[in-house]
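Undergrad: Chains A and B are the protein sequences, given in the same order. Per my numbering, the first sequence starts with residue 1, numbered consecutively. Per my numbering, the second sequence starts with residue 1001, numbered consecutively. Virtual Cβ for every residue (Gly too), placed ideally from N, Cα, C. Keep in mind it's a predicted model, so treat the numbers as computed, not measured. I'd like to ask some things about the structure below.
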Amino acid sequence: MSAAETLHSSVQTNAPPAISLAGVNKWFGALHVLRDINLDIALGERVVVCGPSGSGKSTMIRCINRLEEHQQGKIVVDGIELSDDLKSLDAIRREVGMVFQSFNLFPHLTILENCTLAPIWVRKMPKKEAEALAMEYLERVRIPEQALKYPGQLSGGQQQRVAIARALCMKPKIMLFDEPTSALDPEMIKEVLDTMVMLAETGMTMICVTHEMGFARQVADRVVFMDRGEIVETGEPTALFENPQTERLQLFLSQILRGH
Amino acid sequence: MSITTDSLPVAPRLAPALSVGWLGWVRANLFSSWLNSLVTIALAYFIVKYAIGFVDWAFVNAIWSVPNDAAGRPDTSSCRDNKGLGACWAVINEKHRFMLFGTYPYEQHWRPAVVCVLFVGLYIVSAMRRFWRMELALIWAAVLTVIAVLMWGGVLGMPYVPQERWGGLPITLILATFGLAFAFPLAILVALGRRSKLPAIKALCVLYVELIRGVPLISLLFMASVMFPLFLPEGMNIDKLLRAQIAIILFAGAYLAEVVRGGLQALSKGQYEAAEALGLSYWQKTGLIILPQALRLVIPPLVNTFIGFFKDTSLVLIIGIFDLLTAGKTAIIEPMWQGFAVEVYVTIGLIYFVFCFAMSQYSAKLESELNHGRRR
Ligand SMILES: Nc1ncnc2c1ncn2[C@@H]1O[C@H](COP(=O)(O)OP(=O)(O)O)[C@@H](O)[C@H]1O
Ligand SMILES: [Mg+2]
């Protein structure tokens, strides 16, 4: 039994979906960036989103924690529908962690302060407790010894692992990753992917925009292929990569394989 | 042939003697070509000549005090004879209390003197980062209350001194301190407001900044002193100093707001998004993530503006408020002291310089401290 198959057993298919997008549309001015997106993600499921640059992958996952607002359709996260209501927004952002391509650590705060900030101010956790929690997660991403340094003193791979720890300190139910390894030098990609695999093993619900096919095969329950704002194909990773049904996916796969 | 691996192919050597040390520096920067040497020598000649001239005037030939005449008034004839040769510091000796405290009752001068010391103490305490806590606000409130009590008096056996008689350095420090203490928070709110998603707030902030920036401070002071009372109900009167103070706050606020906005714009969108994604509220995001970074980016232009406003407070002279500069001018209005303006202005300039230079040194130190441990 492979590692990937062990991971798959954690998906709870009978529970209500952790995330549900139904008929979602979004425009930037006249540009139609999301077209009739329908996607249900179960609790504990790990979904990899791929597709050409500009196809709307970032926009879609940013709609899930409302860094972008959708204009049509319905998005339900953890049972709460996204709307203009600020209360529901707060509730969703507590449950959804996000990791960005450019890390976005707070450069004026130490690594430890980066991690304790949200638990202290949003979850109202006592400082001591937040620090213990942060050290626990920094240990898990294997950089507890950097806790008192500033982000500018760390390598890209270390910064991204801190960003993951920072998101985890809020104890989210869902984690969103937007090309977490794209800004990294090749030798640092692995350390970040390893951290994400470890996270997947804990049963976290994850949506991950990435072109790392090896990671997708190892971890993903499902791969979603997007092109020009649409979900073109979805499927189990091996099937999708080895037997693409559409010309667009074939073209995309041939392009990334050439690139690697 | 083989190369040994235990020694470097090119062994390190000492740099040529003439490219290091002060001699190397002089050679490289002052005498690198015959033209450069010529300029250096010519400039050195003028610098030395005028430096010697100034030292002669300010110290060697200076007159430090003058005797009194038969009527008991200072006899400045020796100073007049010495004019152009040496400074007449006797005028400062004689008039320094009027320059510093204006028309404040002479025997009560200890009160504004204590006020000045309190202000300087307040600056020093506020400048130390280990005092940057909530308690600092309480210290400010307490010290400013004590200052008000000392200036006005009327309690604790101190006779009442109406605001019209205040003058000199305390006025300058009051205008500058209250001005910046209120203008700075105002500026932050306006800068944030200009980036607001609410059109009404945004328009209001833009209007404020553009209106205030579009008029000279002098005209704003005139409006505050002449026009403002017209809008008040009959019989109600706001202190002239307070009116000038409000004008200065509004003026400084608009300029500082633009400086702060520059800092806000320099931050990447990612910082805002990361804070939002963690669930921080607008004010948490602003206070914990955005402002701490934006403000330290703009320390140099911020202090530049502070220094400018410290000196601009002297414009209140046009509405008849006795700040340091006006008090100095008035001090030499008596016939016997007329003609010694240079000495007075040099002294007053020195006082302004000490405050401004301290600010600029502090900002440089703060900047390097706050950026400690950061790669930029
Ligand atoms: N804030 C924005 N304003 C206008 N256009 C945008 C904005 N963000 C993204 N876009 C456009 O929307 C499209 C989808 O972008 P994005 O979701 O970032 O794609 P991807 O992540 O798949 O590369 C692109 O054409 C991009 O230029
Ligand atoms: Mg993207």
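#1: Listed in chain order, which residues of the segment 1279–1301 of chain B have Cβ atoms closer than 9 Å to some Cβ of chain A?
#2: Name, going along the chain, the residues of the segment 1265–1277 of chain B whose beta-carbon falls closer than 7 Å to a beta-carbon of chain A.
#3: Should Trp966 (chain B) be labelled buried (16 or more other beta-carbon atoms within 10 Å of its own) or exposed?
#4: When burial is assigned at 16 or more other CB atoms within 10 Å of the CB, is Leu148 (chain A) buried or exposed?
#5: Is Glu179 (chain A) near ligand 2, judged by its Cβ being under 8 Å from some heavy atom?
#6: Taking only three categories from DSSP, how would you classify Asn1371 (chain B)?
#7: With H, G and I counted as helix, E and B as strand and the rest as coil, what does DSSP make of Lys1064 (chain B)?
#8: Strictly under 9 Å for the Cβ-Cβ distance: is Leu1014 (chain B) near chain A by that measure?
#9: Going along chain B, which residues have a C-beta under 9 Å from Phe100 (chain A)?
#10: So, under 8 Å CB-CB, Leu208 (chain A) and Val48 (chain A) are touching, yes? Tell me the CB distance rounded to an integer number of Å.
#11: On a CA-only basis, which of B:Gly1328, B:Ile1319, B:Ile1290 and B:Val1354 is nearest Phe1310 (chain B)? Give me that one, please.
#12: Beta carbon of Leu1278 (chain B), beta carbon of Met170 (chain A): below 9 Å?
#13: Tell me, please, whether the CB atom of Leu1370 (chain B) is closer than 9 Å to any CB atom in chain A?
#14: May I ask you to verify whether the segment 1154–1171 of chain B touches the segment 1092–1104 of chain B, counting CB pairs closer than 8 Å and requiring at least 3?
#15: My output table needs one value for Glu1334 (chain B): the three-state DSSP class, helix, strand or coil.
#16: Of all the CB atoms in chain A, is at least one closer than 9 Å to the CB of Met1001 (chain B)?
#17: Just to check, is the beta-carbon of Val33 (chain A) closer than 8 Å to a non-hydrogen atom of ligand 2?
#18: Taking 6 Å as the limit between beta carbons, can you name the residues of its chain near Leu1297 (chain B), skipping five residues before and five after?
#19: Determine the chain E residues that contact Phe106 (chain A) at a beta-carbon separation under 9 Å, and present them in chain order.
#20: If contact is defined by three or more beta carbon pairs under 8 Å, each pair taking one atom from either stretch, is the segment 225–237 of chain A in contact with the segment 186–202 of chain A?
#21: Report yes if the C-beta distance between Pro1105 (chain B) and Met1151 (chain B) is below 9 Å; otherwise report no.
#22: Measuring CB atoms only, is the segment 149–156 of chain A touching the segment 124–134 of chain A, in the sense that at least three cross pairs come out at less than 8 Å?
#23: Let me make sure I understand the geometry here. Which of A:Ala165, A:Arg222 and A:Glu191 has the alpha-carbon closest to that of Met98 (chain A)?
#24: In angstroms with no decimal places, state the Cα-to-Cα distance between Ala1137 (chain B) and Ser1077 (chain B).
TA: According to the structure shown:
#1: Residues of the segment 1279–1301 of chain B with a C-beta less than 9 Å from any C-beta of chain A: Gly1279, Leu1280, Ser1281, Gln1284, Leu1288, Ile1289, Pro1292, Gln1293 and Arg1296, listed in chain order.
#2: Gly1270, Gln1271, Glu1273, Ala1274, Glu1276 and Ala1277
#3: Because chain B spans 1001 through 1376 in this model, residue 966 (chain B) falls outside it and cannot be assessed.
#4: By one-based count along the first sequence, residue 148 (chain A) stands at place 148. So Leu148 (chain A) ends up on the exposed side.
#5: Numbered from 1 along the first sequence, position 179 holds the residue referred to as residue 179 (chain A). Yes.
#6: For the purposes of this step, residue 1371 (chain B) is taken as the residue at position 371 of the second sequence. In this structure, Asn1371 (chain B) counts as coil in the three-state DSSP scheme.
#7: Along the second sequence, read from residue 1 onward, the residue named residue 1064 (chain B) stands at position 64. The residue you asked about is not Lys; residue 1064 (chain B) is Trp in the sequence shown. Here Trp1064 (chain B) sits in coil by DSSP.
#8: On the second sequence, position 14 is the one that residue 1014 (chain B) refers to. Chain A, which has no Cβ nearer than 9 Å to the Cβ of Leu1014 (chain B), makes this no.
#9: Counting from 1 along the first sequence, the entry for residue 100 (chain A) is found at position 100. Under the 9 Å cutoff, chain B gives Gly1270, Glu1273, Ala1274 and Ala1277.
#10: Residue mapping note: residue 208 (chain A) aligns to position 208 of the first sequence, counting from 1. Residue mapping note: residue 48 (chain A) aligns to position 48 of the first sequence, counting from 1. Looking at the sequence provided, one finds Cys at residue 208 (chain A) rather than Leu. 5 Å between Cβ atoms; contact.
#11: Numbered from 1 along the second sequence, position 310 holds the residue referred to as residue 1310 (chain B). Comparing Cα-Cα distances from Phe1310 (chain B) to each of B:Gly1328, B:Ile1319, B:Ile1290 and B:Val1354, the minimum goes to B:Val1354.
#12: Here residue 1278 (chain B) corresponds to residue number 278 of the second sequence, with the count starting at 1. Here residue 170 (chain A) corresponds to residue number 170 of the first sequence, with the count starting at 1. Yes, they are a contact pair.
#13: In the second sequence, counting from the first residue as 1, residue 1370 (chain B) sits at position 370. It does: the Cβ of Leu1370 (chain B) has a partner Cβ on chain A nearer than 9 Å.
#14: yes
#15: The residue labelled residue 1334 (chain B) in the question sits at position 334 within the second sequence. In the structure shown, Glu1334 (chain B) sits in coil (DSSP, three-state: anything other than H, G, I, E or B).
#16: If you number the second sequence from 1, residue 1001 (chain B) lands on position 1. Low local confidence applies: a pLDDT of 49 at Met1001 (chain B) is under 50, so the model's placement there is unreliable, and no value is given.
#17: Position 33 of the first sequence, counting from 1, holds the residue named residue 33 (chain A). Every heavy atom of ligand 2 is 8 Å or more from the Cβ of Val33 (chain A), so no.
#18: Stepping through the second sequence from its first residue, residue 1297 (chain B) is reached at position 297. Contacts found: Gly1263 and Ala1266.
#19: Protein chains in the displayed structure are A and B, and chain E is not among them.
#20: no
#21: Counting from one through the second sequence, the residue named residue 1105 (chain B) turns up at place 105. Counting from one through the second sequence, the residue named residue 1151 (chain B) turns up at place 151. Between Pro1105 (chain B) and Met1151 (chain B), the gap from beta carbon to beta carbon reaches 9 Å or more.
#22: Touching, no, given that fewer than three Cβ pairs across the two stretches are closer than 8 Å.
#23: Residue numbering aside, residue 98 (chain A) sits at position 98 when the first sequence is read from its first letter. When only C-alpha atoms are compared, the closest one is A:Ala165.
#24: The residue given as residue 1137 (chain B) occupies position 137 in the second sequence. The residue given as residue 1077 (chain B) occupies position 77 in the second sequence. Distance between the alpha carbons of Ala1137 (chain B) and Ser1077 (chain B) is about 53 Å.
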